[in-house]
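The next block holds one structure in the form of structure tokens; read it before the comments.
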Amino acid sequence: MKVMIAEDEILVRLGLRKTIPWAKLGMDLVCEAQDGEEAYEQFQRHLPDIVLVDIEMPKMDGLQFVRYAKGKRADARFVMLTCHQDMKYMREAIQLQVHDFILKSTLDMDELCGILQSLALDLAREKEAAAALAGRTAIEAPAPDAAPAREAAERAFYGAPEGTGDAATLEALPEAALKRRKPLAASLESLRFADARRQLRELEEALREPPLAHPHVVKNMMTELLFRSWSACDELLAGQQAADHLLVDRIYASERLEDAAALLAAELERLEQALALTNSDGDKAKIVLLIKQYIKTHLDRDITLAEIANAFYINSSYLSRLFKEVSSMSFTEFVVHEKTEQAIVMMRNGKTLTEISEKLGYLNLSSFTRMFKKARGTSPSRYLKG
0 MKVMIAEDEI LVRLGLRKTI PWAKLGMDLV CEAQDGEEAY EQFQRHLPDI VLVDIEMPKM
60 DGLQFVRYAK GKRADARFVM LTCHQDMKYM REAIQLQVHD FILKSTLDMD ELCGILQSLA
120 LDLAREKEAA AALAGRTAIE APAPDAAPAR EAAERAFYGA PEGTGDAATL EALPEAALKR
180 RKPLAASLES LRFADARRQL RELEEALREP PLAHPHVVKN MMTELLFRSW SACDELLAGQ
240 QAADHLLVDR IYASERLEDA AALLAAELER LEQALALTNS DGDKAKIVLL IKQYIKTHLD
300 RDITLAEIAN AFYINSSYLS RLFKEVSSMS FTEFVVHEKT EQAIVMMRNG KTLTEISEKL
360 GYLNLSSFTR MFKKARGTSP SRYLKG
């Protein structure tokens, strides 16, 4: 289940990102945006299931964003975040069928997690009901008088004969499955497909061990892993990779665990083959060249590998290996080299060392001097004297 955060306050975004147990909820935080225009761009790119959106954002307010976003995906769920209660905003939000409206000043994370879980369950049930109507699954939408049939379908999902064991009722992944999911997610982000397929088989085995999770929780996790793999490959495939919502529907329509896992495994194999065809030396050089250009235009900041990875939608571990492979120097070495080159130019143009350290994003003069001496073997002032 994909989630997006659209919020202009960085501390609020950070709090939501770090505090909510996304993996435990079977969710993947796929993107963030700091203004309305960026939010709409990210929404079109990722088509998330659930969006946490601030009402008051620069460039486009949250309500306008929701109007546009619903035109791209009508079944997406929106939770509005705001600093104050304004009846005008609330009325508009209700008209847009926003699913919840939360004051940031009184935000309770447990309550928000409950809302997210409820929305995810609604979406999962809608998908299962739609699949049933289309004749693609025998699982009926939950109803009070459908309990025996529903429990039988849950047992069948795990391949358990009728009348054996309790029905799957857990609304979260069991601990054993969570432990298997974590390394699998890491392998997907690092594009280690052989490891990922092996870990997927291990995860499937762990899911069959009691206590069992409800099938919709498992399907949420499978689609989250699917979108994680697409996200990791997207930049390297130069935009050729688009979300295949038919595949998502097939996973949600799966009546058995092995069917859902097989669909994910087949897609991982397809992605691996696609990358093998496009990941030539020329493609790698192009990516590194773009990154170098980005670094050179952002020397006034403390540039980190994570920042670049986020900017280019590339996994940081893969980026580190790729950069060194193409450049014959590490990412950090290149950043330091470019900063010292810029510092030398500025010194020759008469800038003071204090001015230079500030313009190159260092906290103080001593940090800049230490960096320069380590890179060039001498202090800035001695270097200038020749």
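Take 0 as the starting number for the sequence shown in numbering that gives the first Met the number 0 and just add one per residue. Note that CB positions come from ideal geometry on N, CA and C, so glycine has one too.
Contact check for Asp-53 against Thr-81 passes: the beta carbons are separated by less than 8 Å. Fewer than three beta-carbon pairs drawn from the segment 258 to 276 and the segment 289 to 301 are found closer than 8 Å, and the two stretches are therefore not classed as touching. With a minimum length of 4 residues, the unbroken runs of alpha helix (DSSP H) contained wholly in the segment 288 to 316 fall at 304 to 311. Burial state of Thr-353 is exposed, judged by a 10 Å Cβ sphere holding fewer than 16 other Cβ atoms. With the rule of 3 Cβ pairs closer than 8 Å, the segment 0 to 9 counts as touching the segment 34 to 47. Glu-31 is not a Cβ neighbour of Arg-44, given a cutoff of 8 Å. In terms of Cα proximity to Leu-199, the closest of Pro-57, Leu-106 and Ala-185 is Ala-185. Runs of alpha helix (DSSP H) with 4 or more residues, each lying fully within the segment 181 to 236, are found at 192 to 206 and 214 to 233, listed in chain order. Taking every protein chain shown into account, the CB of Asn-348 has fewer than 16 other CB atoms within 10 angstroms, so this residue is exposed. Looking at the DSSP output, Met-328 bridges to nothing. The continuous beta strand (DSSP E) containing Ile-49 extends over residues 49 to 53. Under the DSSP assignment, Ala-68 falls in the alpha helix (DSSP H) whose first and last residues are 61 to 71. For Ile-101, the enclosing beta strand (DSSP E) starts and ends at 99 to 102.
Approximately 41 Å separates the beta-carbon atoms of Leu-172 and Gly-360; this is outside 8 Å, ruling out the contact. Counting the other CB atoms within 10 Å of its CB gives Asp-27 a total of 16 or more, which places it among the buried residues. Around Tyr-293, the same chain offers no residue with a beta carbon nearer than 6 Å, after the five sequence neighbours per side are excluded. A distance below 8 Å separates the beta carbons of Ala-123 and His-215.
Arg-255 is classed as exposed because its beta carbon has fewer than 16 other beta carbons within 10 Å across all chains shown.
Arg-76 carries a strand assignment under DSSP once its states are collapsed to helix, strand and coil.
Taking 8 Å as the cut-off, the Cβ atoms of Ser-356 and Phe-367 count as close. Leu-211 sits close to Leu-169, with the two beta carbons spaced by under 8 Å.
Listed as beta-bridge partners of Met-3 by DSSP are Cys-30 and Val-50. Setting aside the 5 residues that flank it on each side, Ala-73 has no residue in the same chain whose C-beta is closer than 7 Å to its C-beta. Classified as buried, Lys-218 has 16 or more neighbouring CB atoms from the shown chains inside 10 Å of its CB.
Judged by pairs of C-beta atoms under 8 Å, the segment 187 to 203 touches the segment 315 to 329, as three or more such pairs exist.
When the alpha-carbon of Met-221 is set against those of Arg-369, Ala-374, Arg-180 and Phe-192, the nearest one is in Arg-180.
Judged by DSSP in its simplified three-state form, Thr-18 adopts helix.
For Gly-35, the enclosing alpha helix (DSSP H) covers residues 35 to 45. In this structure, DSSP gives Thr-368 a helical state, which the three-state scheme calls helix. Annotated three-state conformation of Leu-362 is coil, per DSSP. About 6 Å separates the Cβ atoms of Lys-71 and Phe-42, confirming a contact at the 8 Å cut-off. Contact annotation: Val-334 and Ala-374 have beta-carbon atoms that are not nearer than 8 Å.
The three-state secondary structure of Leu-169, taken from DSSP, is strand. Counting other Cβ atoms within 10 Å of its Cβ, Asp-48 reaches 16 or more and is therefore classed as buried. In this structure, the beta-carbon distance from Glu-257 to Glu-203 falls below 8 Å.
Between the alpha carbons of Leu-102 and Glu-324 lies a gap of roughly 48 Å.
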